[in-house]
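Engineer:
Numbering (this note's numbering), first residue to last: 9 to 298.
(1) Under a three-way DSSP split, which group does residue 135 fall into?
(2) Among all the DSSP beta bridges, which residues are the ones paired with residue 206?
(3) Does the contact criterion of 3 or more C-beta pairs under 8 Å hold for the segment 138-147 versus the segment 102-117?
(4) Please report the residue range of the beta strand (DSSP E) in which residue 229 lies.
(5) Classify residue 118 as helix, strand or coil using the three-state DSSP reduction.
(6) Less than 6 Å between C-beta atoms, sequence neighbours within five positions excluded: which residues of the same chain meet that for residue 199?
(7) Using 10 angstroms around the beta-carbon of residue 171, count the other beta-carbons present and answer buried if the total reaches 16, otherwise exposed.
(8) What whole-angstrom Cβ distance do residue 169 and residue 206 have, given they're in contact under 8 Å?
(9) Quick one: Cα of residue 121 to Cα of residue 93, how far?
(10) Could you spell out where the alpha helix (DSSP H) holding residue 90 opens and where it closes?
(11) Verify whether the separation of the beta carbon atoms of residue 234 and residue 148 is less than 9 Å.
(12) How big is the Cα-Cα spacing for residue 241 and residue 110?
(13) Assuming residue 148 is part of the alpha helix (DSSP H), what are its boundary residues?
(14) What are the partner residues of residue 221, as DSSP defines its beta bridges?
(15) For residue 117, count neighbouring C-beta atoms within 10 Å of its own C-beta (all shown protein chains included) and say buried if the count is 16 or more, exposed if not.
(16) Does the beta-carbon of residue 195 have 16 or more other beta-carbons within 10 angstroms, so that it is buried, or is it exposed?
(17) Where does residue 234 sit, in a helix, a strand or coil, going by DSSP?
(18) Below 8 Å on the Cβ atoms is my contact criterion, and I expect residue 213 with residue 203 to pass it. Report the Cβ-Cβ distance as a whole number of Å.
(19) Take every Cβ of the segment 152-166, pair it with every Cβ of the segment 125-134, and state whether three or more of those distances are shorter than 8 Å.
(20) Using DSSP's beta-bridge definition, name the partner residues of residue 184.
(21) Given a cut-off of 9 Å, decide if residue 232 and residue 211 are closer than it, judged by their beta-carbon atoms.
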């Protein structure tokens with residue numbers, strides 16, 4: 009028996025009827041393209057809906073992990089630059105062993121570092137190298153007192169920052185940290201182009217080059233030690249001590265000593281007169297008794 013096809017106009021399905029050998033009719037489930045399409049779409053939507061929370065959770069975990077990693081890897085803010093250390097600079101430059109020793113023993117290095125930290129004026133140092141100190145008269149440094157060694161090092165320090173091109177703007181004599189006595193601590197600086205000349209009245213030398221400069225500290229090498237006139241000019245003799253004034257007791261004693269002889273003489277005269285009167289009285293009594 010040929011199968012019969014029944015078409016429902018309201019449903020996109022085809023029902024197939026086949027003859028059956030038993031009373032129960034066998035029906036093939038309807039085939040629907042729209043149903044297949046809708047089923048796939050529904051499954052896709054369900055999968056998307058299931059994947060969406062997982063995607064959000066994964067994204068959140070990634071963000072948290074990245075934030076944690078970034079915060080852990082973020083370097084701590086670098087500390088402020090260390091303060092300037094003039095000894096460290098000279099050691100790094102090399103060739104200033106004697107100057108470093110004098111800066112340390114006189115504590116001028118500590119003073120310079122403190123000025124650089126607390127002042128905006130800056131510092132300029134004329135740095136004699138080891139050859140410059142070696143050219144001094146043997147035993148010269150050892151002959152200096154501690155005060156003179158301090159004065160010697162301070163004489164190489166200007167209390168302002170001066171660039172190599174600004175030495176011609178200074179007024180002579182230039183004041184150093186040793187003092188401003190024009191006769192004993194005079195330092196004159198002249199420049200011609202890139203050459204800078206220094207004279208103390210004892211030593212003449214030139215700036216050999218720049219050792220260090222950071223817009224606050226300038227160090228220039230010099231080939232001779234700057235010796236101040238104060239070490240070689242005879243010091244004026246101290247003023248004479250005032251004569252001691254005589255006190256009242258001394259004056260009184262001198263007056264007493266001047267009066268005492270007169271008083272002694274007057275006492276002797278009155279004693280003589282008294283004895284003479286007694287003899288006269290005795291003589292008169294003897295005459296009348298006869």
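Glycine residues also receive a C-beta, built at the ideal position from the N, C-alpha and C atoms.
Structural biologist: According to the data block:
(1) Translated into the one-based positions of the chain shown, residue 135 becomes position 127. Correct three-state label for residue 135: strand.
(2) What you label residue 206 is simply residue 198 of the chain shown in a count that begins at 1. Beta-bridge analysis with DSSP links residue 206 to 197 and 213.
(3) yes
(4) On the chain shown, position 221 is the one that residue 229 refers to. That run of the beta strand (DSSP E) goes 225-230.
(5) Start at 1 with the first residue of the chain shown, and residue 118 comes out as number 110. Residue 118 falls in the helix class under three-state DSSP.
(6) Stepping through the chain shown from its first residue, residue 199 is reached at position 191. Only 175 and 176 meet the Cβ criterion.
(7) Along the chain shown, one-based indexing puts residue 171 at 163. Residue environment for residue 171: exposed (fewer than 16 other C-beta atoms within 10 angstroms of its C-beta).
(8) Taking the chain shown and counting its residues from 1, the one referred to as residue 169 is at position 161. Taking the chain shown and counting its residues from 1, the one referred to as residue 206 is at position 198. Separation of the CB atoms of residue 169 and residue 206 is rounded to 17 Å, and the pair is thereby denied contact status at 8 Å.
(9) Indexing the chain shown from 1 puts residue 121 at position 113. Indexing the chain shown from 1 puts residue 93 at position 85. Looking at the backbone, the Cα of residue 121 and that of residue 93 are separated by about 6 Å.
(10) Working through the chain shown from its first residue, we reach residue 90 at position 82. No alpha helix (DSSP H) contains residue 90, which DSSP labels as neither H nor E.
(11) Here the question's residue 234 lines up with position 226 in the chain shown. Here the question's residue 148 lines up with position 140 in the chain shown. Contact flag unset, no.
(12) The count along the chain shown starts at 1 and reaches residue 241 at position 233. The count along the chain shown starts at 1 and reaches residue 110 at position 102. Approximately 23 Å, taken between the alpha carbons.
(13) Against the chain shown, residue 148 aligns to sequence position 140. Taken as a continuous stretch (DSSP letters only), the alpha helix (DSSP H) holding residue 148 covers 148-151.
(14) Walking along the chain shown from the start, residue 221 turns up at place 213. DSSP, once it has assigned bridges, lists 226 as partnering residue 221.
(15) As a working note, residue 117 is residue 109 in the chain shown. Buried, by the Cβ-count rule.
(16) Along the chain shown, one-based indexing puts residue 195 at 187. With a threshold of 16 other beta carbon atoms within 10 Å, residue 195 meets it and is buried.
(17) Mapped onto the chain shown, residue 234 falls at position 226. Of the three classes helix, strand and coil, the one that applies to residue 234 here is coil, per DSSP.
(18) Taking the chain shown and counting its residues from 1, one reaches residue 213 at position 205. Taking the chain shown and counting its residues from 1, one reaches residue 203 at position 195. Not really, about 11 Å apart at Cβ, beyond 8 Å.
(19) yes
(20) As a first step, residue 184 must be located in the chain shown, where it is residue number 176. DSSP lists 187 as partners of residue 184.
(21) In the chain shown, counting from the first residue as 1, residue 211 sits at position 203. In the chain shown, counting from the first residue as 1, residue 232 sits at position 224. Yes, they are a contact pair.
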